[in-house]
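Student: So the sequence shown is residues 27 to 324, counted in the working numbering. Can you read through this structure? Questions will come right after.
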Amino acid sequence: MKIHLIYNPVSGKKNNSTIIQQIVKCAKKHNVELVTYQSQSPKDIGELTKKLTSSNTPTNLMVMGGDGSAHDALNGIVNFEKTNLYILPGGSGNDFFRELGWNTKDSLVDVFEKLITKARIKKVDYFLLNNKYRCLNEISFGMSADILYCRAKMKHFKPQTQYTIAMFKKGLFYTNYEFDLFYPETKKYDKIIGPFLTFGNGQYSGGGLKTAPRSKIDDGLITVSAIKKFPRICILPILLSVKRGTIDRSKHHLCRHVKEVNVVIKKGVVSSDGVLFEKLKKLNIKVMPKKLNLAVLN
């Protein structure tokens with residue numbers, strides 16, 4: 027077995043050079059031919075992925091980083107039929123990793139060993155944004171995107187501290203946004219005013235918030251999950267329900283399952299797999315069903 031491993035040397039809070047050495051030893055132990063590539067930027071990950079997956083040769087591609095690194099790799103894949111994608115959770119949020127049946131407390135070396143000995147390849151969905159960008163986990167607006175935007179400005183704090191401060195600041199002092207949604211398949215509309223809107227392939231976003239608890243990565247659908255405007259006195263119960271994955275039980279929650287959606291937002295940033303887009307105001311989102319070969323444990 028041969029694996030091409032692209033790793034982000036500055037993702038998360040770990041000593042990645044030491045971890046890579048341990049992973050190389052683990053690969054040798056299991057007779058795996060491991061070729062490593064160190065990225066210097068998100069563009070590097072996409073370019074390396076494009077180069078490695080351009081041929082008709084079967085390729086096992088492993089990406090070590092956070093959701094953003096997985097996003098960059100997905101956007102670089104050329105030959106989907108011949109590419110198997112493995113994700114090592116080396117970031118600070120690792121939201122999509124939670125979908126794949128792994129223990130989030132495992133070390134990266136333990137996860138690597140399970141990936142090469144126990145994982146199976148499963149065909150899963152991804153989203154296509156404006157016929158240009160691919161999305162693996164979620165596309166978010168409002169509170170969860172604001173948390174990531176706020177966190178991005180706190181580079182001098184540790185990653186988990188960044189999330190805690192950002193969640194407190196943008197959670198308790200949230201903004202209500204206006205969203206116009208149109209579903210081409212049914213010709214129906216939703217006009218939503220509220221602090222939160224997610225289009226989920228996976229269930230998690232914003233560093234562990236279960237924002238789309240009814241999502242499945244292989245159902246061929248986009249899960250529209252929104253929190254509508256509510257009395258501000260209810261903010262703490264709402265935040266707790268998002269954290270616990272029970273927001274879908276709230277009378278303030280709206281859920282749809284669709285194959286395509288057009289979105290217009292008046293203001294705010296867009297998050298796609300933790301990658302921020304500040305200028306997108308009109309979006310078309312389509313599901314690409316079971317197009318990606320992904321290594322999973324469950």
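All C-beta atoms in this analysis are idealised placements derived from N, C-alpha and C, irrespective of residue type, glycine included. Bear in mind that the values here come from a model prediction, so they are computed numbers and not experimental data.
Less than 8 Å between the C-beta atoms of valine 313 and lysine 285, yes or no?
Tutor: yes
Student: Please go through the same chain and pick out, in chain order, the residues whose beta-carbon is closer than 8 Å to the beta-carbon of glycine 116, but skip the five residues on each side of it.
Tutor: The residues are Tyr33, Asn34, Ser37, Gly38, Lys40, Asn42, Ile45, Met90, Gly91, Gly92, Ser95, Leu134.
Student: Mind reading off the beta-carbon distance from leucine 2 to leucine 318? Whole number of angstroms is fine, and I expect it under 8 Å.
Tutor: The chain is shown only over 27 to 324; residue 2 falls outside these bounds and no answer can be derived.
Student: How long is the line joining the alpha carbons of lysine 28 and histidine 278, rounded to whole angstroms?
Tutor: 49 Å
Student: Have a look at leucine 334 and isoleucine 259 and give me their C-alpha separation to the nearest angstrom.
Tutor: There is simply no residue 334 to check, as the chain begins at 27 and stops at 324 in what is shown.
Student: Cα separation between alanine 53 and aspartate 172?
Tutor: 39 Å
Student: When the Cα atoms are used, what is the spatial distance from leucine 262 to arginine 146?
Tutor: 40 Å
Student: Would you kindly work out how many angstroms separate the C-alpha atoms of arginine 177 and threonine 187, rounded to a whole number?
Tutor: 9 Å
Student: Sort Pro257, Ile291, Lys242, Ala99 by Cα distance to proline 315 and report the nearest one.
Tutor: Lys242
Student: Could you give the distance in angstroms between the alpha-carbon of serine 267 and the alpha-carbon of isoleucine 273?
Tutor: Rounded to the nearest angstrom, the gap between the Cα atoms of serine 267 and isoleucine 273 is 5 Å.
Student: Return the chain-ordered ranges of every alpha helix (DSSP H) run that is complete within the region 180 to 222 and spans a minimum of 4 residues.
Tutor: 185 to 198
Student: Which stretch, first to last residue, makes up the alpha helix (DSSP H) that contains aspartate 93?
Tutor: Start and end: 93 to 100.
Student: Can you list, in chain order, the residues of its chain with a C-beta nearer than 6 Å to that of serine 166? Leave out the 5 residues immediately preceding and following it.
Tutor: Thr224, Ser231, Ser297
Student: For glycine 197 versus proline 239, is the C-beta distance shorter than 8 Å?
Tutor: no
Student: Leaving out five residues on either side along the sequence, give the residues of the same chain with a beta carbon under 7 Å from the beta carbon of threonine 143.
Tutor: Apart from the 5 residues on each side of it in sequence, threonine 143 sits with its Cβ closer than 7 Å to the Cβ of His56 in its chain, given in chain order.
Student: Which ranges would you report for the beta strand (DSSP E) in the region 280 to 306 if only whole runs of at least 3 residues count?
Tutor: Counting only runs of 3 or more, we get 286 to 291, 296 to 298, 301 to 303.
Student: Taking the straight line between their C-alpha atoms, what separation do you get for tyrosine 209 and proline 221?
Tutor: 21 Å
Student: Look up lysine 317 in the DSSP assignment and say whether it is helix, strand or coil.
Tutor: strand
Student: Assuming contact is defined by CB atoms lying nearer than 8 Å, are leucine 31 and valine 322 in contact in what I supplied?
Tutor: no
Student: Between which residues of its own chain and arginine 282 is the CB-CB distance below 6 Å, once the five residues before and five after are set aside?
Tutor: For arginine 282, where only same-chain residues beyond five positions count, the Cβ hits under 6 Å are Val250.
Student: Bridge partners for glutamate 164 per DSSP, in chain order?
Tutor: Paired residue(s): Gly226.
Student: For tyrosine 152 versus leucine 87, is the C-beta spacing smaller than 8 Å?
Tutor: no
Student: Less than 8 Å between the C-beta atoms of asparagine 105 and threonine 75, yes or no?
Tutor: Contact: no.
Student: According to DSSP, is serine 276 helix, strand or coil?
Tutor: coil
Student: Decide if glycine 203 is buried, meaning its Cβ has at least 16 other Cβ atoms within 10 Å, or exposed.
Tutor: According to the sequence provided, residue 203 is tyrosine. The question's glycine does not apply to it. Buried, by the Cβ-count rule.
Student: Going by C-alpha distance, which of Lys254, Asn310, Phe194 is nearest isoleucine 248?
Tutor: The closest CA to that of isoleucine 248, considering only Lys254, Asn310, Phe194, is found on Asn310.
Student: Starting from the Cα of glutamine 229, find the closest Cα among Tyr215, Ile219, Ile218, Asp244 and give me that residue.
Tutor: Asp244
Student: Thinking C-beta only, is lysine 255 closer than 8 Å to isoleucine 291?
Tutor: no
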